[in-house]
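Peer 1: The sequence shown finishes on residue 570 if you use this note's numbering, and the numbering steps up by one all the way, no holes.
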Amino acid sequence: MNITDSQSQALQSNVSGQQIPDVIPNPSNHQNSTLNANGEGTGISKGVQDTIDSWTNNASGGNGTQINGNNASSTLPGLSSHDPSLVNNGNNNLSGGSNGDPLTGGQDTLVGDSNSDQLTQDFNNSSGTSPSPNSAPTPASPSSSTPTANNSGGMYYVSPDGNDSNPGTSDKPWKTVNYAVGENSVVKAGDTIMVQPGTYNEQITLGKSGNSQSGNITLKANGNVTLDDPDSSSGAFGEGVIQSAGKGYWTIDGFNIQNSAWAGIALRDANNMTVQNNHTYNTGSSGIIVMPDHYFQGGDAEVTSKNIKVLNNTVEKSNAKWPGGTGDNSVSDPTGTQESLSIWGVDGFEVANNTVKDGKREGIDIKTGSRNGSVHDNNISGQASLSGTYGGYQGGPALYIEGNRAASFNIDVYKNVVTGNTADGIVVADEVPQQGDVSNVRIHDNVVSGNGKQGMNPGNGIAVTSNVRNVEIFNNTVDNNVQALNIDGSGYVTGGYKPTDIVVRNNKFTNSTYRNGLIEDAGNVTLDGNSFSNKFDKLYEGGTGIDNMKDTNNIKV
Numbered sequence: 014m015n016i017t018d019s020q021s022q023a024l025q026s027n028v029s030g031q032q033i034p035d036v037i038p039n040p041s042n043h044q045n046s047t048l049n050a051n052g053e054g055t056g057i058s059k060g061v062q063d064t065i066d067s068w069t070n071n072a073s074g075g076n077g078t079q080i081n082g083n084n085a086s087s088t089l090p091g092l093s094s095h096d097p098s099l100v101n102n103g104n105n106n107l108s109g110g111s112n113g114d115p116l117t118g119g120q121d122t123l124v125g126d127s128n129s130d131q132l133t134q135d136f137n138n139s140s141g142t143s144p145s146p147n148s149a150p151t152p153a154s155p156s157s158s159t160p161t162a163n164n165s166g167g168m169y170y171v172s173p174d175g176n177d178s179n180p181g182t183s184d185k186p187w188k189t190v191n192y193a194v195g196e197n198s199v200v201k202a203g204d205t206i207m208v209q210p211g212t213y214n215e216q217i218t219l220g221k222s223g224n225s226q227s228g229n230i231t232l233k234a235n236g237n238v239t240l241d242d243p244d245s246s247s248g249a250f251g252e253g254v255i256q257s258a259g260k261g262y263w264t265i266d267g268f269n270i271q272n273s274a275w276a277g278i279a280l281r282d283a284n285n286m287t288v289q290n291n292h293t294y295n296t297g298s299s300g301i302i303v304m305p306d307h308y309f310q311g312g313d314a315e316v317t318s319k320n321i322k323v324l325n326n327t328v329e330k331s332n333a334k335w336p337g338g339t340g341d342n343s344v345s346d347p348t349g350t351q352e353s354l355s356i357w358g359v360d361g362f363e364v365a366n367n368t369v370k371d372g373k374r375e376g377i378d379i380k381t382g383s384r385n386g387s388v389h390d391n392n393i394s395g396q397a398s399l400s401g402t403y404g405g406y407q408g409g410p411a412l413y414i415e416g417n418r419a420a421s422f423n424i425d426v427y428k429n430v431v432t433g434n435t436a437d438g439i440v441v442a443d444e445v446p447q448q449g450d451v452s453n454v455r456i457h458d459n460v461v462s463g464n465g466k467q468g469m470n471p472g473n474g475i476a477v478t479s480n481v482r483n484v485e486i487f488n489n490t491v492d493n494n495v496q497a498l499n500i501d502g503s504g505y506v507t508g509g510y511k512p513t514d515i516v517v518r519n520n521k522f523t524n525s526t527y528r529n530g531l532i533e534d535a536g537n538v539t540l541d542g543n544s545f546s547n548k549f550d551k552l553y554e555g556g557t558g559i560d561n562m563k564d565t566n567n568i569k570v
């Protein structure tokens, strides 16, 4: 919350969730407004209809008179010849005659007196994360899963029967999407490119960027638009049907993208981009990937993208060209196939409300230095159809949080449905010790069911492995997996460390086919208030190599 007056003088600063004092005086003006929040007298609360219980103007009173934005018309009689009546015209705006003193309803803007002291509600985190049972987690990403709206700039059009020599108007559209997004078109920050229905056989490379002042450039399908790879047999690592390198402030909205040689959408070294409402199908590698352009040597230098949203997409039949095998890209996979939806080296991300299904390898992978983000309300099924078998590497989590060559941290994973995958459900791990680990991850309110093939792969519902610390797992329903819970650092290698500071609380671990779970070679593990299936003698196997285990209030059901 920022509070400024008409002289640009800072009165008070506030962060989301803190209340504003009832009385907001302006020392330069004797007009003071007393605000009462819903009769509690404690402050103005975000998102709640507030009332003004008293209004004073140089000792002239209107005490006890209420202005309520819910009423069709509420009037405060004139307090003096200088402050006319305030009238609510039904749209939650109270306008004050010559002074123009508006009160905009609920949570937005209050302009108090003739000096225009203003309270402005800033953008705040609306990720919807539930609080941890033992501490309130730090919000991971200042983002919202609401799709990005079109900008208010110019409108340009592309149509299969257009011509790139045209001006790009609705009656004289361009022919190719690639021309419209290219550096030589007239499109600028804040503009929208409307792609008319049809099939476009072209590779589309974003050639310019929007900016923070004028806004994103929006590339939007205006109906049923299919983008087909013009050469689906020869794509290289990092390429996409829609692709960019070093660009920012774009919204990619509503396309059907199919039969790609490598990715459907590949954003390299990207910033401030939203990918929403797209459907990728039968892509050689990832359906959607955000990744480095050329630096892959690890550390923070490999974190090359920032502020990315991937919302409301369907990613189907990804990794179609992956041949299987051990996963050694230098031998069995020369194009370096990645996961169905990959967030690689991104600082600040939101992956929400996507459907990810029927891929050969891992599903959603948050990896290699990705940090300060959230993965929520996704539906993930049918992943690892090849990697989870003997034809692959007998693994491949449906939802994977991994460090690899750079540290990944401050990530919320919640309200996802992870079901019917060939291998594991949700896994937190680090694959490269001493270069990057994983920390401060909160996994909660997910449904994880029916994952794994007993005798073929571990089939973990939720697993935490080596080089991982500070993980909270709570309020999840984990049902009918090969095993429900696995906290195991036995595979850590020289230079790494056991999973440490792991809290598992208030989860339901039921109906596993092999065992409830395994806990061993870990440090500072709290297992509290969970319910386990009573079909097994033990709540969990293992018990060796654990430093400081707290096992309380767990029951069999």
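By construction, the Cβ of each residue, glycine as well, lies at the ideal position given by its N, Cα and C atoms.
Keep in mind that this is a model prediction, so the values were computed, not measured.
1. Which one of S383, E485, S273 has the shortest CA to CA distance from Q216?
2. So who's on the other strand from R571, going by DSSP bridges?
3. So what does N473 bridge to, in DSSP terms?
4. Return the first residue and the last residue of the beta strand (DSSP E) that N320 is part of.
5. Where do the N-terminal and C-terminal ends of the alpha helix (DSSP H) with N191 fall, by residue?
6. Suppose the cutoff is 6 angstroms on Cβ atoms and the five residues either side in sequence are ignored; what does the same chain contact list for N459 look like?
7. Strictly by DSSP, which residues pair up with N563?
8. Is it true that the region 326-340 meets the region 385-405, where meeting means three or more beta-carbon pairs spaced less than 8 angstroms apart?
9. Look at the alpha carbon of N290 and the alpha carbon of G267, and state the distance between them as a whole number of angstroms.
10. Provide the residue(s) that pair with S421 in DSSP beta bridges, ordered along the chain.
11. Nearest to I515 by CA position, among R482, D492, G530, is which residue?
12. For E363, count neighbouring C-beta atoms within 10 Å of its own C-beta (all shown protein chains included) and say buried if the count is 16 or more, exposed if not.
13. Are any of the Cβ atoms in chain B nearer than 7 angstroms to that of S246?
14. Any heavy atom of the ligand NAD inside 6 angstroms of the beta-carbon of Y213?
15. Would you kindly work out how many angstroms separate the C-alpha atoms of I301 and V316, rounded to a whole number?
16. Do you know how far the Cα of N453 is from the Cα of T218?
17. What are the start and end residues of each continuous beta strand (DSSP E) run of 3 or more residues lying completely inside the region 275-332, in chain order?
18. For F362, which beta-bridge partners are listed by DSSP?
19. My assumption, with CB atoms under 8 angstroms, is that G312 sits in contact with Q448. Please give the rounded CB distance.
20. On a Cα-Cα basis, can you pick out the residue from V190, F422, N392, T523 that is closest to N385?
21. Contact between the region 274-284 and the region 250-260: three or more CB pairs below 8 angstroms?
22. With a threshold of 6 angstroms on Cβ separation, who are the neighbours of A234 within its own chain once the five nearest residues in sequence on each side are excluded?
23. Taking all protein chains shown into account, do 16 or more other C-beta atoms lie within 10 angstroms of the C-beta of D346, making it buried, or fewer, making it exposed?
24. Taking all protein chains shown into account, decide if D450 is buried (16 or more other Cβ within 10 angstroms of its Cβ) or exposed.
25. Is it buried or exposed for I393, if we count other Cβ within 10 angstroms and need 16 for buried?
26. Short of 6 angstroms in beta carbon distance, which residues of its chain neighbour N566, apart from the five on each side in sequence? Order them along the chain.
27. If we ignore side chains and look at the alpha-carbon of each, how far apart do V199 and R281 end up?
28. G468 to N493, Cα distance in whole Å?
29. Comparing C-alpha positions only, which one of S298, S318, Q226 sits nearest to H307?
30. What first and last residue would you give for the beta strand (DSSP E) that runs through S462?
31. Which residues in the same chain as E444 place their Cβ atom closer than 8 angstroms to its Cβ, once the five residues preceding and following it in sequence are excluded?
32. Just to check my reading of the structure: N434 and G376 have Cβ atoms closer than 8 angstroms, yes? What is that Cβ distance to the nearest angstrom?
33. Hey, out of G175, A202, E485, M304, whose CA is closest to Y192's CA?
34. By alpha-carbon positions, which one of Y262, Q496, I439, F309 ends up nearest to T357?
35. In terms of DSSP beta bridges, what is N269 paired with?
36. Could you give the first and the last residue of the continuous beta strand (DSSP E) run that contains E415?
Peer 2: Quick answer:
1. S273
2. This structure does not reach residue 571, given that the chain is present from 14 up to 570, and the question cannot be answered.
3. Q496
4. Its beta strand (DSSP E) spans residues 318-324.
5. Following the DSSP letters along the chain, one finds N191 inside the alpha helix (DSSP H) bounded by residues 190-194.
6. N429, N489
7. Note that residue 563 corresponds to Lys in the displayed sequence, not to Asn. T539.
8. The region 326-340 vs the region 385-405: in contact.
9. 5 angstroms
10. V451
11. The candidate whose alpha carbon is nearest that of I515 is R482.
12. buried
13. Among the chains of the structure shown, chain B does not appear; only one protein chain is present.
14. The ligand content of the structure shown is nil, which means the ligand NAD is not present either.
15. 17 angstroms
16. 36 angstroms
17. Along the region 275-332, the beta strand (DSSP E) occurs as fully enclosed runs of 3 or more residues at 276-281, 284-289, 292-294, 301-304, 318-324, 327-329, listed in sequence order.
18. I321, G386
19. 7 angstroms
20. F422
21. yes
22. V208, G267, F268
23. buried
24. buried
25. buried
26. D541, G542.
27. 24 angstroms
28. 15 angstroms
29. S318
30. 460-462
31. Spatial neighbours of E444 in its own chain (CB-CB distance under 8 angstroms, excluding positions within 5 residues in sequence) are listed in chain order as E415, G416, N417.
32. 7 angstroms
33. G175
34. It is worth fixing the name first, because residue 357 is Trp in this sequence and not Thr. Among Y262, Q496, I439, F309, the Cα nearest to that of W357 belongs to F309.
35. T239, H292
36. 412-415
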